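Taking it in order: structure first as structure tokens, then the write-up.
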Amino acid sequence: MNRLGFPLPFSNWEYSMPTGIESEQLDQIERIYGKSLIRLFRGLIEDKTVLRVFLLGKDYERLTIVTNLEEKDSETFITVDYPGGFKRAVEGTTNWRLRFEFTGKDRLPYIFRTEGGELIKGGIRLKLPPFIERRQRRKSFRLEAPLGTKLTFTKDFKKYVTNVINISLGGALVSLEKREHKKPVVDVDEYLKGLKVSFPSKEEESVVYIKEAMVKRVEKDIYQGLFNYALQFTDVEKKDSDLLQRLIYQFQREYLRKRQLIDT
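Residues in the sequence shown are numbered from 884 upward in steps of one, following the numbering used here.
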């Protein structure tokens, strides 16, 4: 245990504002910069979020919290609560390289790294890292669908065209276009066959075929009076899964480019 009284063992994680894919393409990594970074650190302080800290190159791991965010000599610094045994661990080390990990309110892992720093009363003052990373498992990563994305399915020989709200490799949240449906057209745990997801394009429309999906949740949008349906893709051929993956990352990159131009 450290001075906060928390046990030490946890698994390794990572966090961020979007840039790429981990080596085996199992994770989606985001990178958080600028004003969003400052807001995130303020939230960590307010919520007293527990972080794991590692001293790279040493066998050292403890728990701590962020206690302060300040500007000094035109630079921004964070202060973390002093982790037990740190002074002894850095003896003979002139440039501290630290790695911090924590779990956000979204239950996703976050990570940031710092170099250098100084011991102050009750803590360690560190330069604000340039970004924080967030890591998300590929299948759980949900993309806000581009406007005009449609999911089509047939039930009882009737064709239904839905608007896709968000989509991942594992499923989608969709809404029926027409408002005349007083009741849900499908039920929870019902299986749908032969679905089609159509993505808009300036050139040629991209279509992904889903062999089977299960209805996981049905909810009513009280503001628009429409039913939303959460679908889990239970059978997708590899070529369609690969195409869906490429499209999700393509649209995400486009979204991130626009976001980084705005959120600086």
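For every residue, glycine included, the Cβ atom is placed at its ideal position computed from N, Cα and C. No experiment lies behind these values; they were computed from the predicted model shown.
Between the Cα of residue i and the Cα atoms of the options, which residue gives the shortest distance?
{"i": "residue 967", "options": "980, 983, 947", "result": "947"}
{"i": "residue 1056", "options": "1017, 943, 1115, 912", "result": "1115"}
{"i": "residue 1100", "options": "1071, 1084, 1091, 1027", "result": "1071"}
{"i": "residue 1065", "options": "1045, 1103, 1128, 1038", "result": "1103"}
{"i": "residue 1006", "options": "918, 1025, 950", "result": "950"}
{"i": "residue 1010", "options": "1025, 1124, 957, 945", "result": "957"}
{"i": "residue 1125", "options": "1052, 1078, 1136, 1105", "result": "1052"}
{"i": "residue 1132", "options": "916, 1077, 1029, 1105", "result": "1029"}
{"i": "residue 1077", "options": "1087, 955, 1088, 1092", "result": "1092"}
{"i": "residue 1088", "options": "1105, 1107, 1130, 1136", "result": "1130"}
{"i": "residue 980", "options": "1128, 944, 1135", "result": "944"}
Taking the straight line between their C-alpha atoms, what separation do you get for residue i and residue j?
{"i": "residue 1049", "j": "residue 928", "result": "31 Å"}
{"i": "residue 1096", "j": "residue 932", "result": "38 Å"}
{"i": "residue 912", "j": "residue 971", "result": "34 Å"}
{"i": "residue 922", "j": "residue 1027", "result": "22 Å"}
{"i": "residue 1090", "j": "residue 988", "result": "34 Å"}
{"i": "residue 1123", "j": "residue 1042", "result": "21 Å"}
{"i": "residue 1025", "j": "residue 1094", "result": "20 Å"}
{"i": "residue 1067", "j": "residue 1110", "result": "6 Å"}
{"i": "residue 954", "j": "residue 941", "result": "30 Å"}
{"i": "residue 1107", "j": "residue 1031", "result": "18 Å"}
{"i": "residue 1085", "j": "residue 1134", "result": "13 Å"}
{"i": "residue 1058", "j": "residue 1046", "result": "5 Å"}
Would you call residue i buried or exposed, if buried means 16 or more other Cβ atoms sit within 10 Å of its Cβ?
{"i": "residue 964", "result": "buried"}
{"i": "residue 1003", "result": "exposed"}
{"i": "residue 1040", "result": "exposed"}
{"i": "residue 1012", "result": "buried"}
{"i": "residue 990", "result": "exposed"}
{"i": "residue 1083", "result": "exposed"}
{"i": "residue 1000", "result": "buried"}
{"i": "residue 914", "result": "buried"}
{"i": "residue 974", "result": "exposed"}
{"i": "residue 1018", "result": "buried"}
Spatial neighbours of residue i within its chain, please: CB distance less than 6 Å, with the 5 preceding and 5 following residues excluded, ordered by chain position.
{"i": "residue 905", "result": "For residue 905, the predicted model reports a pLDDT of 30, less than 50, meaning its position is unreliable; a value from the coordinates is still stated below. Excluding positions up to five away in sequence, the list is empty."}
{"i": "residue 1113", "result": "1056, 1099, 1100"}
{"i": "residue 1075", "result": "1036, 1096"}
{"i": "residue 1054", "result": "1114, 1115, 1116"}
Going along the chain, which residues of its own chain have a beta-carbon closer than 7 Å to the beta-carbon of residue i, five neighbours each way excluded?
{"i": "residue 1044", "result": "1033, 1035, 1060"}
Thinking C-beta only, is residue j closer than 8 Å to residue i?
{"i": "residue 1098", "j": "residue 1119", "result": "no"}
{"i": "residue 939", "j": "residue 1014", "result": "no"}
{"i": "residue 1008", "j": "residue 937", "result": "no"}
{"i": "residue 952", "j": "residue 996", "result": "no"}
Quick one: what's got a C-beta closer than 8 Å to residue i's C-beta in the same chain, skipping five residues either side?
{"i": "residue 1073", "result": "1097, 1098"}
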